[in-house]
C-alpha cells in the first residue's frame, strides 16, 4: 500500500484538467451531433413506419444529448464550435469508413459501434470531477432503444439465418474501427492523453490508468462487446 497522500479531486480551475474536459465534451458533442444526423438519415431506409419512428426517436435523443454538451461548453466560457472542431475529421472519417450497406448494418452500427464508444468514455469518466462526470454519464446513458435494435436484428436472423455471418463480421469490424478511432483521438490531444494515461495537467498530476489497468480496460471493453453481440444472437 502506498504512503502517498490521496490525489486531490480534479478541479476546473486547473488549466490542464480544464483543457481535458473541454476536449472530452467537444468530442462527445460532435459525436452526438453526428449520431443525430446519421440516425435521421438511416430512418429514411426503414422498411416499416414503426421502424422509422424508432430511429427518429433515437435521433432526437442524440440531439438532446448534443444540446446538453453544447450548453455546458458555453457555461464554461468555451465556443462549442471551436471545442468540436478538432474532432470533425476523425469522427467523420470513422463514419465514412464504416458506412452501412443496408438497414441492418445501420442498426448494428447504432448499437454495437456506439456501444464501444460509450464504454470507452465511461472508463474515462472515472477521472472527472463530479459535475462533469454526472453530465458525461447522463449523455452516455442508454436511451431505451437498445431493445428495439436487438429485437429487430434477431427477427431478421430468424427470417434468414444467412445474414448472421455477414452481421457478425460487420460487428467485429465496428469494434476494431471504433477502438482505433478512440485511441487515435486521445493520442492526438495531449490533454485527453493525460486524462486517460496520467500525466502533468497544468498545475497537477492527473491520475489516469497505469499500463496494467489499460490492459484490463480493453478487456472490459471486449467483454461488453461480446455481451452485445450475444444479445443480437451473433458471435463476437
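Residue numbers (our numbering): 1127 to 1362.
Using N, Cα and C, we set each Cβ at its ideal position, and we do this for glycine too.
Predicted, not measured: the structure shown is a model, and the values here were computed from it.
Backbone CA spacing between residue i and residue j [nearest angstrom]
| i | j | result |
| --- | --- | --- |
| residue 1355 | residue 1279 | 11 Å |
| residue 1170 | residue 1232 | 11 Å |
| residue 1234 | residue 1281 | 13 Å |
| residue 1345 | residue 1304 | 15 Å |
| residue 1343 | residue 1250 | 10 Å |
| residue 1301 | residue 1311 | 16 Å |
| residue 1216 | residue 1176 | 33 Å |
| residue 1172 | residue 1185 | 13 Å |
Continuous alpha helix (DSSP H) stretch holding residue i: start and end
| i | result |
| --- | --- |
| residue 1267 | Element bounds for residue 1267: n/a, residue is neither H nor E. |
| residue 1292 | 1289 to 1314 |
| residue 1216 | 1214 to 1223 |
| residue 1144 | 1141 to 1169 |
| residue 1180 | 1175 to 1201 |
| residue 1363 | In the structure as shown, the chain starts at 1127 and stops at 1362, and residue 1363 therefore has no counterpart that could be examined. |
| residue 1253 | Premise fails: residue 1253 is in no alpha helix (DSSP H) and is neither H nor E. |
| residue 1232 | 1229 to 1234 |
| residue 1209 | 1206 to 1210 |
With 16 other Cβ atoms within 10 Å as the buried cut-off, status of residue i
| i | result |
| --- | --- |
| residue 1291 | exposed |
| residue 1283 | buried |
| residue 1174 | exposed |
| residue 1287 | exposed |
| residue 1218 | exposed |
| residue 1244 | buried |
| residue 1158 | buried |
| residue 1269 | exposed |
Same chain, Cβ closer than 6 Å to residue i, five either side skipped, listed in chain order
| i | result |
| --- | --- |
| residue 1361 | 1294 |
| residue 1168 | 1181, 1232 |
| residue 1357 | 1276 |
| residue 1145 | 1317 |
| residue 1285 | none |
| residue 1204 | 1148 |
| residue 1230 | 1282 |
Same chain only: Cβ atoms within 8 Å of residue i, ignoring 5 sequence neighbours per side
| i | result |
| --- | --- |
| residue 1155 | 1192, 1195, 1196, 1199, 1206, 1209, 1210 |
Three CB pairs or more closer than 8 Å across the segment 1160 to 1171 and the segment 1193 to 1212 | Cβ pair count under 8 Å is below three, so no.
Decide yes or no for the touch test of the segment 1176 to 1191 against the segment 1212 to 1228: beta carbon pairs closer than 8 Å, at least 3 of them.
-> No, the segment 1176 to 1191 does not touch the segment 1212 to 1228.
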